[in-house]
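Position in the sequence shown (from 1) plus 8 gives the number in my numbering.
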Amino acid sequence: MSTTNTNKVDVGFIWRITDDVLRDSFKKNEIGDVLLPFVVIRRLDCMLENVNEKVRKSYNDFKDKVSEDKLDPILKKAAGGLTYYNTSKHTLHSLKDEPQYIEINFNNYLNGFNLEVRDILESFQFDKVIARLVKNRLLYEMIDAICRIDLHQDTIDNHSMGYVFEELIRISNEQSNETAGEHFTPRDVIALMNAIIFTPEKDELCKSGIIRTIFDPACGTGGMVNLGKNYVLDEICKNSNNKPTMLTYGQELNEQSCAIAKSEALISGENPRDVKHGNSFTDDQFQGKKFHYMMANPPYGVTWKKDKNFIENEALDPNGRFYAGTPRTSDGQLLFLQHMIDKMDETNGSRIGVVTNGSPLFTGDAGSGESDIRKWIIENDWLECIIALPKDLFYNTGINTYIWFLTNKKTEERKGKVQLINGNASEVVGTNAKGKEETEYLFARSNKKSLGNKRNELTDAHIASLLDLYTRFRESEHSKIFNNDDFGFYQLTIEQPLLSNEQIENLFDGNKYLKSEELKNKNFNELTEWVETIEFFKQSIKEKKTVTFPDLEKLSPKDSDYEKIRFGKMTYDVSKSIKASDLKEIKDILKKIRKPDSKKRDKENVPLTDDIETYFTNEVLPHVPEAWIDYDKTRIGYEINFTKYFYEYKGLQPAAQIKAEIVDLEKDITALLNELLA
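See the structure below:
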């Protein structure tokens, strides 16, 4: 299993000759913006070389006789069935014959391409590239340089051309690593996804006549689906005489990234129309279509506020993608996951791999959108495995990342279960000069040179080790297997009374109640709010007549507003004495029907596998004996807590070591201050 480019074309040579032309006029991170569209044009130019005359003849014969929409299929047929053609009299080589007219002729040449190719070049913002080349008098030199690259079909076939373009995209993104992570996923991470997604399907994929689809709803430059296709053809079925037909599909919001993805499809023999531009949430270009394999690295923590109305309206539809719930508007990762689940093939089955940060694992309380989505996924038995990745694998973030693997065709041994793999594990390998422990990842190695935040990489050996943990499906130090219910919990609302039994007793004990530090400042109106079963006086008692319950006998019956006091079904005339037996009954009623104190309200999470009453009796009542469960507020939640499942206790550092580190820090600070003040 290899994560590296295996084609025989010297991709470095392609980059170098371009760099020689552009280096003084374009920044290093701008080279790819020039090179990629020129490679696309050069590939098309080479592929059309043998059909140009036929295309131009057909164009001249029919251009004035049929409409443009009818002319297009005629010209594609003349091009030998290719999805592109060029009606211009020029080729890249012929442009060099008239250097004095290079700009005019080059624009004429570009306008000769069919509309789809022109749209792709427009999305590249190729006109700006040409303008800069012209301004710096480099257009001729660039065309001359690109013509020295042989991209004819007999030199490099479609499959290898895909590798070449992928490698050029990789180099281009690494040159501009500050923004690479937005639309480019490191190839070692994709290689791991490919291994887990496709290896279980090896026997099926290598049968005769197999056709399979791969889809990415946030495809960026198209790397995931294209590398997935290559992995199946070159790794999974490399020793088989049967090669499946792998059809790739993608949708991307960023126009320029979409143009790159379309370009790769175009020059590697795929259909560029299967790569769509648009918002996957509000403009699903593949509505109703199902896919066998899906892969994605959706953006982390990106808001979907502008799509809120559309998504929440769809969430009301039982047949909609988001009916299970919606996460908070600040993060749409779980929306992508729901979008992909909606496209699973119920007949042949599907496998999904999605990269996320930690938020979708545990964010959101029971009853929240995030928790409900996790509940829906796990209870439907779609979640197969999650791998925690080592940190610092991505170009623009060093946070913890995870790959979720889902399927609707689990093997028998995996049904009802979820495997968690801790690829983030590390071990102590020694101590540094200051006595501090040094650690290394078990499933990654440090890069010799950091690329943005990418300081680590997964080697072929690391990927093989993680794949082995997955395929063996056994409990080990780095692999845990859980039942689906293990991730669920009851969230209980525990209430405590606003008035405890002791306070109720004090309420009827002369002025003892008024002496309570907790309650002495309460006026009578506030007391009536505390005991909601009391239907007491219609108006507030004036300050001079503030009373406790035992003082009721002293009230004058002339005060018509204060004639009655009612506890439950018992009504008492305030002009008469209240009997001791009545007081006992009143106290009993108050103890049974009590208003909860919202300030004392608490929540307890109880595993679904535990008995609620047993948990409450053993874990709650010993500490708060008057508490009760408000069952109407009970919610079921789901979360996946990697830290808890793979927790390893580490003892505190010895005091001497802590002291030594503090001393070293003080020395460093002193040295820095001396440098500043020198």
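We put the beta carbon where it would ideally sit given N, CA and C, even for glycine.
Small disclaimer: the values here were computed from a predicted structure and weren't measured.
Proximity below 8 Å, CB of residue i to CB of residue j
i: LEU241; j: HIS300; result: no
i: LYS488; j: TYR646; result: no
i: SER358; j: MET302; result: yes
i: ASP325; j: ASN287; result: no
i: ASN250; j: CYS227; result: no
i: LYS417; j: PHE490; result: no
i: ILE691; j: PHE413; result: For residue 691 there is no data in the structure shown, the boundaries of the chain being 9 and 686.
i: ASN279; j: GLY170; result: no
i: ASN113; j: GLU106; result: yes
i: ASP180; j: ILE39; result: One detail in the question is off: residue 180 reads as Ser in this sequence, not Asp. Contact flag set, yes.
i: THR479; j: THR207; result: yes
i: PHE318; j: THR355; result: no
i: VAL19; j: VAL137; result: no
i: LEU176; j: LEU90; result: no
i: SER33; j: ASN119; result: no
Best match in the options for proximity to residue i [C-alpha to C-alpha]
i: GLU272; options: PRO615, PHE34, VAL671, PRO45; result: PRO45
i: ASN234; options: LYS97, ARG126, ASP282, GLU320; result: ASP282
i: GLY431; options: ASP476, VAL47, GLU111; result: ASP476
i: ASP462; options: THR405, PHE490, VAL59, VAL42; result: Note that residue 462 is Lys in the sequence shown here, rather than Asp. The shortest Cα separation from LYS462 among THR405, PHE490, VAL59, VAL42 belongs to THR405.
i: SER434; options: THR447, ARG422, LEU428, GLN427; result: THR447
i: ASP41; options: GLU57, LEU129, THR415, ILE82; result: LEU129
i: SER102; options: LEU141, MET348, ASP152; result: ASP152
i: THR311; options: GLY296, ASP291, THR334; result: THR334
i: GLU260; options: ILE244, PHE223, LYS246, GLY296; result: PHE223
i: LYS210; options: ASP27, SER248, SER180, ASP165; result: SER248
i: LYS65; options: ARG51, LYS84, VAL48; result: LYS84
i: SER367; options: GLY309, ILE670, PHE34; result: GLY309
i: MET348; options: GLY258, TRP23, ILE268; result: GLY258
i: ASP162; options: ILE394, LYS104, LEU56, GLU111; result: LEU56
i: ILE244; options: GLU320, VAL74, GLU263, GLU212; result: GLU212
Exposure label - residue i; buried when at least 16 CB within 10 Å
i: PRO398; result: buried
i: GLY361; result: buried
i: GLY88; result: exposed
i: ASP158; result: exposed
i: GLU561; result: With a pLDDT of 40 at GLU561, under the threshold of 50, the predicted position of this residue should be treated as unreliable, though the coordinate-derived value follows. Per the 10 Å Cβ criterion, exposed.
i: LYS619; result: The sequence as given places Asp at residue 619; Lys does not occur at that position. Exposed.
i: ALA139; result: exposed
i: ILE484; result: The amino acid occupying residue 484 in the given sequence is Ser; Ile does not appear at that position. Classification of SER484: exposed, given that the 10 Å Cβ count is below 16.
i: ILE677; result: exposed
i: LEU680; result: exposed
i: PHE21; result: exposed
i: ASN682; result: exposed
i: HIS470; result: buried
i: THR253; result: exposed
i: HIS631; result: exposed
i: PRO81; result: exposed
i: GLU627; result: exposed
i: LYS36; result: exposed
i: VAL363; result: buried
i: ALA663; result: exposed
i: ASN94; result: buried
i: SER265; result: buried
i: VAL436; result: exposed
Sequence-distant residues of the same chain with beta carbon closer than 7 Å to residue i, five excluded per side
i: GLU322; result: GLY328, ARG329, PHE330
i: GLU710; result: Any answer about residue 710 is impossible in this case: the structure gives the chain only from 9 up to 686.
i: ASN455; result: LYS462, ARG463, ASN464, GLU465
i: SER687; result: In the structure displayed, the chain extends from 9 to 686; residue 687 sits before or after that span and is not available.
i: LYS313; result: THR337
i: ALA332; result: GLN346, ASP380, ILE381, TRP384
i: LEU474; result: LEU200, ILE395, ILE429, GLY431, PHE451
i: GLU526; result: With a pLDDT of 41 at GLU526, under the threshold of 50, the modelled position of that residue is not reliable, and the figure given next carries that caveat. Nothing listed; no residue qualifies.
Cβ neighbours of residue i in the same chain (closer than 6 Å, five flanking residues each side left out)
i: ASN613; result: PHE497, GLN499
i: TYR117; result: SER96, HIS98
i: PRO306; result: ALA226, GLN341, PHE344
i: CYS54; result: LEU159, HIS160
i: TYR449; result: PRO398, SER434
i: ALA396; result: TYR410, ASN430, GLY431, ASN432, PHE650
i: MET232; result: ILE198, ASP224, MET303
i: ARG220; result: PRO252, MET254, HIS300
i: LEU79; result: PHE70
Close-in-space but distant-in-sequence residues of the same chain around residue i (CB under 8 Å, 5 per side omitted)
i: ASP196; result: THR11, LEU401, GLU465, LEU466, THR467, ILE471
Subject >> Cβ contact check for the stretch 632-649 and the stretch 366-377: 3 or more pairs under 8 Å >> reply: yes
**OP:** Give a yes or no on contact between the stretch 273-280 and the stretch 114-130, applying the rule of three or more CB pairs nearer than 8 Å.
**Re:** yes
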